[in-house]
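Take 933 as the starting number for the sequence shown in the numbering used here and just add one per residue.
Built from N, CA and C at the ideal position, the CB exists for glycine as well.
Given the structure is predicted, the values throughout are model-derived calculations rather than measurements.
A quick write-up on the structure given underneath.
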Amino acid sequence: MAQGGVAAVRVGPPSAAIPAVALVAAGLCLVAGLGLLGQGLWIPIKAQVAQVLLTRAWAATLDGRPMPPWPWADTVPVARLILPDSAYVVLAGGSGQALAFAPGHLSQTPLPGEPGLSVIAAHRDTHFAGLGKLAPGQRITVRRSDGSDYRFRISQGRIMDARGQGLSVRNGPPRLALVTCWPLNGAVSGGPGRFVLFADLEPTSDQHRTNIKPTSNQHQIGRI
């Protein structure tokens, strides 16, 4: 008992409480970091998992039994895109739901191998993340739902502005355009820039089977 009737209180060294506080702070930082990491990885993981279901739906399509990849999907596979370093099932349409899981063939454009410019779009941070690494002269193959293969040779890449530039999609010989957002490594989505990779049909590809007469038609490059 100290003088004046006040009990003496023994206080340990201040450093004794630091490890516990530091541990809690480190734990919070770890949780926050894992949350950010999970958010960043969710998009590519979702895209890759979806390709498993899409592959099953694509096999059914080749057997003459077109089916959506999952019950709530509003689209079906229409082609398989084979790039030099990867391959993806392509869905019909360029809606946000389709592009969230796979490349999409823009329905306003001809099917690959038909007269005119066929356009396939995908996000730059998933399926078309490596689009900028492809070079002129490399081959791209598109297998359609009827089993026919159309082989294209890359001719050039071009940066375009979606606000004012369009693509002539039903004019000229069969060609292919792969479209994604620009810049390819941009952190913010929704900008007007687009990277377009053009490819020409090889003469050895399966011949065009219909008698569609090409007509001039401009297609605006939309959001991707």
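For TRP1004, there are no CB contacts under 7 Å within the same chain when 5 residues up- and downstream are skipped.
With 16 or more other CB atoms across the displayed protein chains lying within 10 angstroms of its CB, THR1058 is buried.
Exposed is the label assigned to ARG997, since fewer than 16 other Cβ atoms lie within 10 Å of its Cβ. Here ARG1056 has THR1112, CYS1113, LEU1116 as same chain residues with Cβ atoms under 6 Å from its own Cβ, once five neighbours each way along the sequence are excluded. Rounded to whole angstroms, PHE1033 and PRO1135 show a C-alpha spacing of 32 Å. A Cβ-Cβ separation of about 13 Å leaves GLY1028 out of contact with LEU1038 under the 8 Å criterion.
By the neighbour-count criterion, in which 16 or more other beta carbons inside 10 Å mark a residue as buried, VAL1021 falls on the buried side.
In the DSSP assignment, ALA1024 is bridged to HIS1037. In terms of Cα proximity to ALA1011, the closest of GLY1079, GLY1098, GLN1040, ASP1093 is GLY1079. With a 10 Å radius around the Cβ and a threshold of 16 neighbouring Cβ atoms, SER1050 comes out buried.
The C-beta distance from LEU1066 to LEU1015 rounds to 7 Å, short enough to meet the 8 Å contact threshold. THR993 carries a helical assignment under DSSP once its states are collapsed to helix, strand and coil. Taken through DSSP and simplified to helix, strand or coil, THR1007 comes out as coil. Excluding its 5 nearest sequence neighbours in each direction, GLY1036 has C-beta neighbours in its own chain below 8 Å: THR1007, VAL1022, LEU1023, ALA1024, GLY1025, GLY1026, SER1027, ALA1030, ILE1052, ALA1053, ALA1054, listed in chain order.
In the three-state reduction of the DSSP assignment, LEU1108 falls in the strand class. Nearest C-alpha to GLN1070 among PRO1042, ALA1061, ASP1132: ASP1132.
Going by DSSP, SER1018 is part of no beta strand (DSSP E) at all; its letter is neither H nor E. Taking 8 Å as the upper bound for CB-CB distance, PRO1044 and LEU1108 are in contact here, some 6 Å apart.
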